[in-house]
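Undergrad:
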Amino acid sequence: MSTASSTASRPKIAIILLNGAPRLHDNPLWLLRSPRRLGIPTATHALPLFCLDPRRYDLEMMYTGKEGADGPKTRWFGFPKCGKWRSKFIIESVQDIRTSLKSLGSDLCLVPGRIETVVPQLVESCRSNHPTGADVVGVWISKEISSEELVVERKLAQNLSALFPSVPLFAEWTSTVFPSEFTFSHSNAWPASSAVNPVSNLFGGSTFLQLPDVFNQFRKLVESRAGEPPEPYQRPASVPPLPDWLTLEGIGPENKGIGKPGHDDVSKFGHIPSSLLEVPTHESSAFPFRGGESSALGRLNHYISSGLITTYKQTRNGLLGEAFSTKFSPWLADGSLSARKIWHQVRQHENTHLESEGSAWILFELLWREFFKFHAVKYGDGIFRIGGVHAGTYKETFAKAWKRSVKSGWDMFSVVNADSRWALPNNEAFKSWADGRTGIPWVDAGMRELKETGFLSNRSRQNVASFFLQSVPTISSSQSANGQVAPNWLPAAELFESLLIDHDPHSNYGNWQYLAGVGTDPRGWRKFNMMKQAAEYDARAEWVSTWVTELAGIKKSLEERGGTTEQFHKPWTVNGGRAVDEVGYPRPIAVEREWSHVRFPEVKLGERRSALVANSPSLRQDESSLEERPRDGFGRARSARSNQKRRVDAPWNGGR
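Start counting the sequence shown at 1; every next residue gets the next number (our numbering).
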């Protein structure tokens, strides 16, 4: 047999890294695309892969249920990088995609270890363990945006290029509504290739540097120029067979002494950790769902078919239960749900039922998410800077960091060691806020819900963030682009990164910068009146009562003597403060003067909702601070309702 025919008959393996998109629907990774000029052979086998990278996940927590002493930490303040609830959610997502792949006759290779180390090891194992030899035709991954992930992507590209020059790396745009038309190979490294704009048609220029810094300008450009995004990619009907000769022995330096199979997970391709799967969800959690594509699509279909979509605009600021908002954000954050899939299903609903305020607002929220992702491309590491994105140019941020990483052996993941991380000077105030012990029930309920469930409503995120910025002293403030002194938002943003199930760096850090007045639209930091918010969104004190349980006795006492919800929201005023002392609830760490000017609904604790709404203008639609919605740039048929005005709030699209 000739060498040519021997090579032609060898198995051709495609490695598909699913870390950024653990799903089958709308996923270009399954197409195994490549630039035609490379002439990539058709794959005869496929190896779907998920790496439990120890720089992102606490492997000890995932496999034992207990936080590891050496688990990864946030960059500056050293919080656990991925808390218990998000870790559980990720494991559920991994479990779900493995089940889906098995239904197609495939499986998921699950390996604890650094991506840039594990993938080349798997390439070698695929090639060398086949009796007659095999070829790896390429590695396909999701295109990353944030600096830490980009460092990994580039290190993977370098390692493959050095060890296996014939194995190309392809990165596909998988996380946005409006996708890139490009497939990047490691020969086209960022940031240079990002300047050849993946969504250049939106901004009227050739680079992301021309992306507008103000959301409304961005939205108008998208609506006037973009047209509808392409149809989602079809779910693959089949997947090439696995390279069943593969062995994981010696793969991944972190794959030692861990990875024992769960009771229902037996696979030669790696065992799914099961300890956290047994941790029950809090009975009052507003997010009682499992991770994974199946749950995500089930929620999407239910939210639309049940009619909840039509009332989203009216209910989105709710606090209790699962129905007040879409709850899509956790699945969007880990990539198990496609933003473009949501967009198109909402559009299909509108084609049948006409556009509603609710459906229009969901698309509006998706555009906020796009905006923050594209700005992360534009500003690189600037989205993590205390002084904001305008504290340094794009070239001075990520490009400079990457140069240090490559040339000096500097690792962005260990940029700050335990001894040089920043301390929190006013630690008691910060701890009071983080633990939900500020003495203000409206704030404490939010921080406790976040800690106990990993989820927090959009409304509450804005409020606890605003209170932190205005009332919790931290390390020295920084100068914003417009010359104002901005509060230091960074430790709170890192705490959110640690705790949130739906954390994604672009929305989390982008929103914190926005609220602190150092973001893309630096008009001074946004300040909320805590009591006005409590009066408007929790006038019956149901949500606060759910999470600040030590106030139950005070609530019962107030109900018995005809007390008001205002007294309950200000428990430090009850009996001269003795009431909170008796139940062990703290006195407030701060009381703002403007709180005394808030008029609460004139209702008593325990009053029925029907009477409350009738007597309380604050519970009806507040049309203050509204702007008119511009004409639709997508060529949609308009309904009479779709020309309504919409509230312009802080943009926090997490918790939706």
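Even for Gly, the Cβ is constructed at its ideal location relative to N, Cα and C. This structure is a prediction, so every number in the text was calculated from the model and none was measured.
So what's Ser166 in DSSP terms, helix, strand or just coil?
TA: Judged by DSSP in its simplified three-state form, Ser166 adopts coil rather than helix or strand.
Undergrad: Classify Lys373 as buried or exposed, calling it buried when 16 or more other Cβ atoms lie within 10 Å of its own Cβ.
TA: With 16 or more other Cβ atoms within 10 Å, it is buried.
Undergrad: Which residue from Trp76, Glu550 and Pro80 puts its Cα closest to that of Lys66?
TA: Pro80
Undergrad: Sorted by chain position, which residues of the same chain lie with C-beta nearer than 7 Å to His130's C-beta, five sequence neighbours on each side aside?
TA: The answer, listed in chain order, is Pro11 and Trp245.
Undergrad: Give every residue of the same chain whose Cβ lies closer than 6 Å to the Cβ of Thr438, excluding the five residues on either side of it in the sequence, and list them in chain order.
TA: In chain order, Ser432, Asp444 and Ile589 place their CB closer than 6 Å to the CB of Thr438, counting only its own chain and leaving out the 5 sequence neighbours on each side.
Undergrad: Run the proximity test for Thr281: is its beta-carbon closer than 7 Å to any non-hydrogen atom belonging to the ligand NAP?
TA: Among the ligands in the structure shown, none appear at all, so the ligand NAP cannot be discussed.
Undergrad: Leaving out five residues before and five after Ala465 in sequence, what residues of the same chain have Cβ atoms less than 7 Å from its Cβ?
TA: Excluding residues within five positions, the ones whose Cβ falls inside 7 Å are Ala492, Trp512 and Leu515.
Undergrad: Distance check for Ser125 and Ala434, CA to CA, integer angstroms please.
TA: 46 Å
Undergrad: Starting from the Cα of Trp368, find the closest Cα among Val598, Thr174, Ala539 and Phe215 and give me that residue.
TA: Phe215
Undergrad: Just grab the DSSP bridge partners of Ile141 for me.
TA: Ala171
Undergrad: Here's a check: name, in chain order, each residue in its chain whose Cβ is nearer than 8 Å to the Cβ of Leu276, leaving out the five neighbours to either side.
TA: Excluding sequence positions up to five before and after Leu276, its CB lies within less than 8 Å of the CB of Met61, Met62, Gly65, Lys84, Ser87, Lys88 and Ile91, all in the same chain and listed in chain order.
Undergrad: Given this structure, state the Cα-to-Cα distance separating Ala168 from Ala43, to the nearest angstrom.
TA: The question names Ala, but residue 168 is Pro in the sequence shown. The alpha-carbon atoms of Pro168 and Ala43 are separated by roughly 13 Å.
Undergrad: Excluding sequence positions up to five away, which residues of its chain have a Cβ less than 6 Å from the Cβ of Ser295?
TA: Within the same chain, Cβ atoms closer than 6 Å to the Cβ of Ser295 are found at Phe289, the five residues on either side in sequence being excluded.
Undergrad: Suppose only complete runs of 3+ residues qualify. What are the beta strand (DSSP E) ranges in the segment 66-104, listed by chain order?
TA: none
Undergrad: Roughly how far, in whole angstroms, is the beta-carbon of Val136 from the beta-carbon of Val123, given that I think they are within contact range, below 8 Å?
TA: 5 Å
Undergrad: Would you give the residue range spanned by the alpha helix (DSSP H) that Ala451 belongs to?
TA: Per the sequence presented here, residue 451 reads as Lys, with Ala not at that position. Counting along the chain, the alpha helix (DSSP H) containing Lys451 begins and ends at Pro441 to Thr453.
Undergrad: Hey, out of His390, Ile386 and Glu370, whose CA is closest to Tyr698's CA?
TA: Only positions 1 to 656 of the chain appear in this structure, which leaves residue 698 out of reach.
Undergrad: Suppose you measure from the CA of Asn159 to the CA of Glu116; what does that come to, to the nearest Å?
TA: 7 Å
Undergrad: Give the single residue among Phe218, Pro165 and Trp76 whose Cα lies nearest to the Cα of Pro120.
TA: Restricting attention to Phe218, Pro165 and Trp76, the CA atom closest to the CA of Pro120 is found in Pro165.
Undergrad: In the structure shown, what three-state DSSP assignment does Gly472 receive?
TA: Looking at the sequence shown, residue 472 is not Gly but Val. Coil, per DSSP.
Undergrad: Which same chain residues, not among the five before or five after Trp543, have their C-beta less than 7 Å away from its C-beta?
TA: Contacts found: Leu319, Leu320 and Ala445.
Undergrad: Out of Phe568, Arg561, Glu144 and Pro243, which has the shortest C-alpha to C-alpha gap to Ala333?
TA: Looking at the Cα atoms, Glu144 is the closest of the given residues.
Undergrad: Consult DSSP for Pro28 and reduce its assignment to one of helix, strand or coil.
TA: helix
Undergrad: Helix, strand or coil for Pro48 per DSSP?
TA: strand
Undergrad: Do you know offhand how far Asp521's Cα is from Gly510's?
TA: Computed Cα separation, rounded: 10 Å.
Undergrad: Identify, in the order they occur along the chain, each residue of the same chain with its Cβ nearer than 6 Å to the Cβ of Gly292, setting aside the five sequence neighbours on each side.
TA: Glu92, Ser93, Asp96 and Ser336
Undergrad: Evaluate the contact criterion for the segment 534-549 versus the segment 445-459: three or more CB pairs, one atom per stretch, below 8 Å.
TA: Touching, yes, given that three or more Cβ pairs across the two stretches are closer than 8 Å.
Undergrad: Taking the C-alpha atoms as reference points, what is the distance between Ala8 and Lys268?
TA: 28 Å
Undergrad: Would you be able to state if there are at least three C-beta pairs under 8 Å between the segment 24-36 and the segment 227-242?
TA: yes
Undergrad: From what residue to what residue does the beta strand (DSSP E) around Pro330 run?
TA: No beta strand (DSSP E) holds Pro330; the alpha helix (DSSP H) holding it covers Ser329 to Asp334.
Undergrad: Leaving out the 5 sequence neighbours to the left and right, which residues in its chain are closer than 7 Å to Gly250 when beta-carbon positions are compared?
TA: none
Undergrad: What span of residues does the beta strand (DSSP E) with Val111 cover, start to end?
TA: Cys109 to Pro112
Undergrad: Quick one: using the 10 Å Cβ neighbour count with 16 as the cut-off for buried, is Asn427 buried or exposed?
TA: exposed
Undergrad: Between the alpha carbons of Glu322 and Ser274, how many angstroms are there, rounded?
TA: 26 Å
Undergrad: Can you tell me whether Asp381 is helix, strand or coil according to DSSP?
TA: helix
Undergrad: From Pro330 to Asn301, what distance separates their C-alpha atoms?
TA: 16 Å
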